[in-house]
Amino acid sequence: MKIAGEFEIDAPRAEVWEKVRDPQVMVQCIPGCEGIEQIDATTYRSQVSVKVGPIKATFNLKVEVVSEEAPHTVLSRTSGEEGTRASVVSSENVLRLAETPEGGTLVSYEADVSMTGRLGKFGLGIFRKKADQLAGVFVENFRAKLGVSA
Numbered sequence: 001m002k003i004a005g006e007f008e009i010d011a012p013r014a015e016v017w018e019k020v021r022d023p024q025v026m027v028q029c030i031p032g033c034e035g036i037e038q039i040d041a042t043t044y045r046s047q048v049s050v051k052v053g054p055i056k057a058t059f060n061l062k063v064e065v066v067s068e069e070a071p072h073t074v075l076s077r078t079s080g081e082e083g084t085r086a087s088v089v090s091s092e093n094v095l096r097l098a099e100t101p102e103g104g105t106l107v108s109y110e111a112d113v114s115m116t117g118r119l120g121k122f123g124l125g126i127f128r129k130k131a132d133q134l135a136g137v138f139v140e141n142f143r144a145k146l147g148v149s150a
């Protein structure tokens, strides 16, 4: 399943880049993220809880930054499973930052997500709706961390 979107933020690209690359900022912005641990310079481990329909799941995730071109592109890979291995998720992710004419930043993201197990049985429409909802919460949280409004 492909998930993509974009949003503008009224902050310079260098500042947005700094916040995007700070795991302690990201843990506070990602809905359901219960913690993050830096394993090495490019690898992180986190726990994220999500509720889809009647099912609540907590995933143990590994996020690896595959490459980055400061201050505009991050390629990453995410993989993980529920503690019971009931659901397994993996994704290839791209995050891009572009300057806007007004001096702000356009943030665009794409993820190619694969899910199997009990959550994989839900339809694409339900996942897309949930992904859009979580993205909206992230944007609100991220803007608040930067001290800017919509």
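Following my numbering, the numbering of the sequence shown begins with 1 at its first residue and continues without gaps.
Glycine included, every Cβ here is placed at the ideal spot set by N, Cα and C.
Just how far apart, CA to CA, sit residue i and residue j?
| i | j | result |
| --- | --- | --- |
| residue 25 | residue 126 | 28 Å |
| residue 47 | residue 100 | 34 Å |
| residue 56 | residue 86 | 11 Å |
| residue 72 | residue 81 | 30 Å |
| residue 74 | residue 84 | 31 Å |
| residue 146 | residue 88 | 33 Å |
| residue 2 | residue 112 | 5 Å |
| residue 78 | residue 21 | 15 Å |
| residue 8 | residue 59 | 29 Å |
| residue 103 | residue 54 | 43 Å |
| residue 141 | residue 67 | 25 Å |
| residue 34 | residue 108 | 24 Å |
| residue 132 | residue 98 | 21 Å |
Relative to the C-alpha of residue i, which candidate in the options has its C-alpha closest?
| i | options | result |
| --- | --- | --- |
| residue 144 | 57, 6, 28, 104 | 28 |
| residue 137 | 13, 3, 40, 32 | 32 |
| residue 134 | 80, 9, 49, 79 | 49 |
| residue 41 | 75, 116, 101, 65 | 65 |
| residue 18 | 69, 87, 85, 140 | 69 |
| residue 151 | 36, 39, 10 | Outside the displayed range of the chain (1 to 150) lies residue 151, so it cannot be described from this structure. |
| residue 6 | 96, 79, 80, 21 | 96 |
| residue 61 | 75, 103, 91, 74 | 91 |
| residue 4 | 34, 94, 30 | 94 |
| residue 110 | 34, 149, 76 | 76 |
Between which residues of its own chain and residue i is the CB-CB distance below 8 Å, once the five residues before and five after are set aside?
| i | result |
| --- | --- |
| residue 52 | 119, 122, 126, 127, 130 |
| residue 148 | 9, 10, 11 |
Excluding the 5 residues flanking residue i on each side, which residues of the same chain have their C-beta closer than 7 Å to its C-beta?
| i | result |
| --- | --- |
| residue 44 | 23, 36, 37, 38, 63 |
| residue 139 | 7 |
| residue 30 | 48, 138 |
Continuous alpha helix (DSSP H) assignments of at least 4 residues falling wholly in the stretch 59 to 86
none
Cβ contact (3+ pairs, closer than 8 Å) linking the stretch 14 to 22 and the stretch 109 to 119:
no
Which runs of the beta strand (DSSP E) at least 3 residues long sit entirely within the stretch 9 to 43? Give them in chain order.
33 to 40
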